[in-house]
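Chemist:
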Amino acid sequence: MFPYLLRRLLIAIPVLLGITVINFVIMKLAPGNPVEMLIDPNTPPELIEAKKQMLGLHSPAYVQYFKWLQGLAHGQLGYSFSSYAPVSHLIGERIGPTLLLAFAALFAGLLVALPVGIFSATRRNTRFDYLMTGLSFVGTSIPPFFLGLGLIYVFALKLGWLPPGGMRDLNGGGGLGDTLLHLLLPATVLAVAIVGKKIRYVRASMLDVLKQDYLRTARAKGAREFAVIYRHALRNALLPILTVFGSEIPLLLGGSILIEQIFQWPGIGQLAMQSILSRDYPTLMALNLVAAAVVLATNLLVDLLYSAADPRVRYDA
Amino acid sequence: MNASTGAGGGAAVRPKAITGVAADSSAPESGARTIWRRFARHRLAVAGLIVTALLILTAILAPYLTPHSPYAVTASFSAAPSADHWLGTDPVGRDVLSRLIAASRVSLLVGFSTVALYMTFGTLVGLISGYAGGWLDSAVMRITDMFMAFPFLMVILVVVSALGAGLSTLIWVLALFSWPAVARLVRSSVLSIKRLDYVRAGVALGLGTPRILFGHILPNALGPIIVNATFGVASAIVSEAGLSFLGMGVQPPTASWGNMLTDAQSLTVLTEQPWLWVPAGSMLLVTVLAINFVGDGLRDALDPKQ
Chain D
203 MFPYLLRRLL IAIPVLLGIT VINFVIMKLA PGNPVEMLID PNTPPELIEA
253 KKQMLGLHSP AYVQYFKWLQ GLAHGQLGYS FSSYAPVSHL IGERIGPTLL
303 LAFAALFAGL LVALPVGIFS ATRRNTRFDY LMTGLSFVGT SIPPFFLGLG
353 LIYVFALKLG WLPPGGMRDL NGGGGLGDTL LHLLLPATVL AVAIVGKKIR
403 YVRASMLDVL KQDYLRTARA KGAREFAVIY RHALRNALLP ILTVFGSEIP
453 LLLGGSILIE QIFQWPGIGQ LAMQSILSRD YPTLMALNLV AAAVVLATNL
503 LVDLLYSAAD PRVRYDA
Chain R
1043 MNASTGAGGG AAVRPKAITG VAADSSAPES GARTIWRRFA RHRLAVAGLI
1093 VTALLILTAI LAPYLTPHSP YAVTASFSAA PSADHWLGTD PVGRDVLSRL
1143 IAASRVSLLV GFSTVALYMT FGTLVGLISG YAGGWLDSAV MRITDMFMAF
1193 PFLMVILVVV SALGAGLSTL IWVLALFSWP AVARLVRSSV LSIKRLDYVR
1243 AGVALGLGTP RILFGHILPN ALGPIIVNAT FGVASAIVSE AGLSFLGMGV
1293 QPPTASWGNM LTDAQSLTVL TEQPWLWVPA GSMLLVTVLA INFVGDGLRD
1343 ALDPKQ
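Just so you know, the protein sequences line up as chains D and R, in that order.
For the first sequence, position 43 matches number 245 in the working numbering, and the numbering has no gaps at all.
For the second sequence, position 6 matches number 1048 in the working numbering, and the numbering has no gaps at all.
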């Protein structure tokens, strides 16, 4: 186990460095320079020049990159152009709601996709199976923002059951229940896409296991069908299923930008959108970097969990 | 929203060639015919194919089909559907139906050209990386790791905003962050195909590497590539719509289903003017669904395990 862990960590380091390079290049592509955005246009040119010197904007790109990297190593993500607040603060404020939304969607997705997928596999080629496979297609095909608009229209505006957006009521509102009520629609939108994809994945991986010899053995020794499926088959199918759910995290983080915009959910997606509109590059750079690091860490964790549960993978690749 | 729409679509490698290479006349059925027969069994896939064909036709003939110019401004703003404007007019006074038809061009253009770009590049990289192996392969795989670590929609939004939104920028940026998944898919096919006897026989015969790669390995890896490309078209269309919806994709006055939905962010439009957002969203849904059904049919048709 330990050599595997070490190798994976050693591989992650150059990948992380590569991510910082890509990130830096993206920001260099942006027109204009940070100084012109920071101060108002009436400032005398000498002052601007001095400021540029101070920020090292005249040094070659690679020097700027290493300076930026040095800052990162000390935990400095820079300062926002628009609010002048440290970017780490801004992200810290916003990451909570985004994670809440992402994990709620992931959990809801698992809760629906798992039983439906298992049912579809054990009742293969029945009407239920066809219906669910068809619905899963609609789930993956419906553009999330269109679904979001549709849900707001029906449940918030026509029926008035749920709030159309935000995270809590403006007039005081109340605690956990209130937040959950606000969470329901955006989490559903994200969950629908996950459920659509995962039903078919769960179904396929159950079908794969159902073909195995050890299930025939279990039946031959007289185990009940229920025990065969839920004790023998599910246990073996579950591992790849759970890791695939882990791999949804990058999609959830990326997709949150649209959902948070539609539902006015105060997370990092909304922060990203505001920063794009105000051309707040330090914030965008940090957001991209933090998100990529989270994804990298999640992938690593998923791989390690998998290898702990199934030692065979350690010998491949 | 990357090319992984095909859930669990691992790189199944087929031992038999799937491209119908001129079978002799005594053969009962050509490869292409077998594939078509398997595809046609799938009623939804056939329906998807018909809808997709109609959409392509609409996109090509768009200038002749629009009842009004998609850019012509009339005096009635946000007017409800009428005999003259079947789907009403938008807040600027343009005919919604005409814009809907014109937008099909943008969507299909983005879908197909993005996929053509990144499929070509990703396949090339995957072929070379998988066949060469060694340090080159490891290096390429680490590079794909880097690109795939960025949350897809977010990084694209940031790059597009840095470069300036626009149709061609959008296509290039979507392709830039989509090729790694294809490269990995192709690589994993190549890894198992290159161990097969017929490839080794080719090497023993002294065939050049390009001939082995493109003449012997690629045709056998084509199945998953085609399926992936089909799903890729659908997801590129959704990505374009999402970015345009946020105002960072196709810029008005050019019509796109995504930017036609932008107005629905206002609650009055959402509740009182459904003709401004329901048609564009529905077209998007129908298009993506049709293409995904085609992809699913192709997966079954090209996979002999079924």
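Ideal Cβ positions, reconstructed from N, Cα and C, are used throughout, including at glycine.
Nothing here was measured: the structure is a model prediction, and the numbers come from that model.
Given that tryptophan 1319 of chain R touches chain D, what residues does it touch there, using C-beta distances under 7 Å?
Modeler: The residue labelled residue 1319 of chain R in the question sits at position 277 within the second sequence. Result: Leu351.
Chemist: For alanine 493 of chain D, would you say it is in contact with chain R, using Cβ-to-Cβ distances shorter than 8 Å as the test?
Modeler: To locate residue 493 of chain D, count along the first sequence from 1; it is residue 291. So yes, alanine 493 of chain D belongs to the interface.
Chemist: Taking the alpha carbon of valine 394 of chain D as the reference point, which residue from D/Leu351, D/Ala429 and D/Ala307 has its own alpha carbon closest?
Modeler: Translated into positions along the first sequence, residue 394 of chain D becomes position 192. Nearest of D/Leu351, D/Ala429 and D/Ala307 to valine 394 of chain D, Cα basis: D/Ala307.
Chemist: Secondary structure at phenylalanine 1081 of chain R, three-state DSSP: helix, strand or coil?
Modeler: Position 39 of the second sequence, counting from 1, holds the residue named residue 1081 of chain R. Helix at phenylalanine 1081 of chain R.
Chemist: Is tyrosine 206 of chain D helix, strand or coil by DSSP?
Modeler: Here the question's residue 206 of chain D lines up with position 4 in the first sequence. In this structure, tyrosine 206 of chain D counts as helix in the three-state DSSP scheme.
Chemist: Since tyrosine 483 of chain D sits in a beta bridge, which residues does DSSP pair it with?
Modeler: Taking the first sequence and counting its residues from 1, the one referred to as residue 483 of chain D is at position 281. None, per the DSSP bridge assignment.
Chemist: Express the C-alpha separation of phenylalanine 447 of chain D and alanine 1332 of chain R in angstroms, rounding to a whole number.
Modeler: Locating residue 1332 of chain R in the second sequence gives position 290, counting from the first residue. Locating residue 447 of chain D in the first sequence gives position 245, counting from the first residue. Looking at the two C-alpha atoms, the distance is approximately 26 Å.
Chemist: Run down chain D in chain order and give the residues with a C-beta less than 7 Å from the C-beta of methionine 1188 of chain R.
Modeler: As a first step, residue 1188 of chain R is located in the second sequence; it is residue number 146 there, counting from the start. Correct list: Val217, Gly220, Ile221 and Ile224.
Chemist: How would you write the range of the alpha helix (DSSP H) that valine 1224 of chain R sits in, first residue to last?
Modeler: Start at 1 with the first residue of the second sequence, and residue 1224 of chain R comes out as number 182. Per DSSP, valine 1224 of chain R belongs to the alpha helix (DSSP H) from 1221 to 1235.
Chemist: Against chain R, with Cβ distances strictly below 8 Å, would proline 317 of chain D count as a contact?
Modeler: Sequence index remark: in the first sequence, residue 317 of chain D carries index 115 (1-based). Chain R, which has no Cβ nearer than 8 Å to the Cβ of proline 317 of chain D, makes this no.
Chemist: Residues of chain R with CB closer than 7 Å to the CB of alanine 169 of chain D, please, in chain order.
Modeler: Chain D is shown from 203 up to 519; residue 169 of chain D falls before or after that span and cannot be answered.
Chemist: Which two residues bound the contiguous alpha helix (DSSP H) that contains aspartate 1305 of chain R?
Modeler: For the purposes of this step, residue 1305 of chain R is identified with residue 263 of the second sequence, where counting begins at 1. Looking at the DSSP string, aspartate 1305 of chain R is not in any alpha helix (DSSP H), and its letter there is neither H nor E.
Chemist: Threonine 390 of chain D and leucine 359 of chain D - do their beta-carbons sit closer together than 8 Å?
Modeler: Position 157 of the first sequence, counting from 1, holds the residue named residue 359 of chain D. Position 188 of the first sequence, counting from 1, holds the residue named residue 390 of chain D. In this structure, threonine 390 of chain D does not lie closer than 8 Å to leucine 359 of chain D by Cβ.
Chemist: Count the other CB atoms within 10 Å of the CB of tryptophan 1352 of chain R; is the residue buried (16 or more) or exposed (fewer)?
Modeler: No answer is possible for residue 1352 of chain R: it lies beyond the span of chain R, which begins at 1043 and ends at 1348.
Chemist: According to the Cβ coordinates, are alanine 1322 of chain R and methionine 1302 of chain R closer than 8 Å?
Modeler: Your numbering for residue 1322 of chain R matches position 280 in the second sequence. Your numbering for residue 1302 of chain R matches position 260 in the second sequence. Yes. Within cutoff.
Chemist: Between the alpha carbons of arginine 405 of chain D and threonine 1162 of chain R, how many angstroms are there, rounded?
Modeler: As a first step, residue 405 of chain D must be located in the first sequence, where it is residue number 203. As a first step, residue 1162 of chain R must be located in the second sequence, where it is residue number 120. Rounded to the nearest angstrom, the two C-alpha atoms are 32 Å apart.
Chemist: Let me check one thing: in DSSP terms, what residues is threonine 1131 of chain R bridge-paired to?
Modeler: Here residue 1131 of chain R refers to the residue found at position 89 of the second sequence. For threonine 1131 of chain R, which the question treats as bridged, DSSP gives the partners R/Asp1137.
Chemist: Under 8 Å between C-beta atoms, does valine 497 of chain D make it to chain R?
Modeler: Looking up residue 497 of chain D in the first sequence gives position 295. Taking Cβ atoms only, chain R reaches closer than 8 Å to valine 497 of chain D, which makes this a yes.
Chemist: Let me check understanding here. Comparing Cα to Cα, which of D/Phe309, D/Phe357, D/Glu462 and D/Asp512 lies closest to alanine 439 of chain D?
Modeler: Your numbering for residue 439 of chain D matches position 237 in the first sequence. Answer by Cα proximity: D/Asp512.
Chemist: I need the straight-line Cα distance from aspartate 1066 of chain R to glycine 1073 of chain R, nearest angstrom please.
Modeler: Taking the second sequence and counting its residues from 1, the one referred to as residue 1066 of chain R is at position 24. Taking the second sequence and counting its residues from 1, the one referred to as residue 1073 of chain R is at position 31. Residue confidence is low: aspartate 1066 of chain R scores 47 on pLDDT, short of 50, so the model does not pin down where it sits. Its coordinate-derived value is still stated next. When rounded, the distance between both Cα atoms is 11 Å.
Chemist: In three-state terms, what does DSSP make of alanine 519 of chain D?
Modeler: The residue you call residue 519 of chain D lines up with position 317 of the first sequence. Its pLDDT being 46, under 50, alanine 519 of chain D is placed unreliably in this model, and the value from its coordinates should be taken loosely. In the structure shown, alanine 519 of chain D sits in coil (DSSP, three-state: anything other than H, G, I, E or B).
Chemist: List, in chain order, every chain R residue whose beta-carbon is nearer than 7 Å to that of isoleucine 354 of chain D.
Modeler: Working through the first sequence from its first residue, we reach residue 354 of chain D at position 152. Near isoleucine 354 of chain D (Cβ distances below 7 Å), the residues of chain R are Leu1312.
Chemist: Could you list which residues in chain D have their beta carbon closer than 8 Å to that of isoleucine 1185 of chain R, in chain order?
Modeler: As a first step, residue 1185 of chain R must be located in the second sequence, where it is residue number 143. Result: Gly220.
Chemist: Asparagine 490 of chain D and valine 1134 of chain R look like a contact to me (Cβ under 8 Å); what is the Cβ gap, rounded to whole Å?
Modeler: For this step, residue 490 of chain D is matched to residue 288 along the first sequence. For this step, residue 1134 of chain R is matched to residue 92 along the second sequence. Rounded, the Cβ-Cβ distance is 34 Å, inconsistent with contact.
Chemist: According to DSSP, is proline 288 of chain D part of a helix, a strand, or is it coil?
Modeler: Locating residue 288 of chain D in the first sequence gives position 86, where the first residue counts as 1. In the structure shown, proline 288 of chain D sits in a strand (DSSP, three-state: E or B).
Chemist: Got a sec, what are the start and stop residues for the alpha helix (DSSP H) tyrosine 416 of chain D sits in?
Modeler: Here residue 416 of chain D is taken as the residue at index 214 of the first sequence, counted from 1. 415 to 422 is the extent of the alpha helix (DSSP H) around tyrosine 416 of chain D.
Chemist: Can you give me the start and stop residues for the alpha helix (DSSP H) that tryptophan 363 of chain D sits inside?
Modeler: Start at 1 with the first residue of the first sequence, and residue 363 of chain D comes out as number 161. Tryptophan 363 of chain D -> no alpha helix (DSSP H), and no H or E assigned at all.
Chemist: Give a yes or no on whether the minimum CB-CB distance between valine 340 of chain D and chain R is below 8 Å.
Modeler: Numbered from 1 along the first sequence, position 138 holds the residue referred to as residue 340 of chain D. With 8 Å as the cut-off, valine 340 of chain D counts as an interface residue toward chain R.
Chemist: Hey, is alanine 408 of chain D's beta-carbon within less than 8 Å of any beta-carbon in chain R?
Modeler: Translated into positions along the first sequence, residue 408 of chain D becomes position 206. Rather than alanine, the amino acid found at residue 408 of chain D in this sequence is methionine. Not an interface residue.
Chemist: Any Cβ of chain R within less than 8 Å of the Cβ of isoleucine 459 of chain D?
Modeler: Position 257 of the first sequence holds residue 459 of chain D. Closer than 8 Å: yes.
Chemist: Does valine 1280 of chain R get closer than 8 Å to chain D when you measure Cβ to Cβ?
Modeler: Residue mapping note: residue 1280 of chain R aligns to position 238 of the second sequence, counting from 1. Cβ-Cβ to chain D under 8 Å: yes for valine 1280 of chain R.
Chemist: Kindly indicate which three-state DSSP category alanine 1064 of chain R falls into: helix, strand or coil?
Modeler: Taking the first residue of the second sequence as 1, we reach residue 1064 of chain R at position 22. Its pLDDT being 46, under 50, alanine 1064 of chain R is placed unreliably in this model, and the coordinates cannot settle the point.
Chemist: Per the contact definition of three or more C-beta pairs closer than 8 Å, is the region 1116 to 1123 of chain R in contact with the region 1164 to 1181 of chain R?
Modeler: Short answer: they don't touch.
Chemist: Step through the CB atoms of chain R and report whether any lies within less than 8 Å of the CB of phenylalanine 348 of chain D.
Modeler: Counted from its first residue, the first sequence places residue 348 of chain D at position 146. For phenylalanine 348 of chain D, the answer is yes, since a Cβ of chain R falls inside 8 Å of its Cβ.
Chemist: Which of the three DSSP states, helix, strand or coil, is assigned to tyrosine 1007 of chain R?
Modeler: Nothing can be reported for residue 1007 of chain R: it is not among the residues displayed for chain R, which extend from 1043 to 1348.
Chemist: Within this structure, are the beta carbons of leucine 502 of chain D and alanine 214 of chain D separated by less than 8 Å?
Modeler: To locate residue 502 of chain D, count along the first sequence from 1; it is residue 300. To locate residue 214 of chain D, count along the first sequence from 1; it is residue 12. Yes. Within cutoff.
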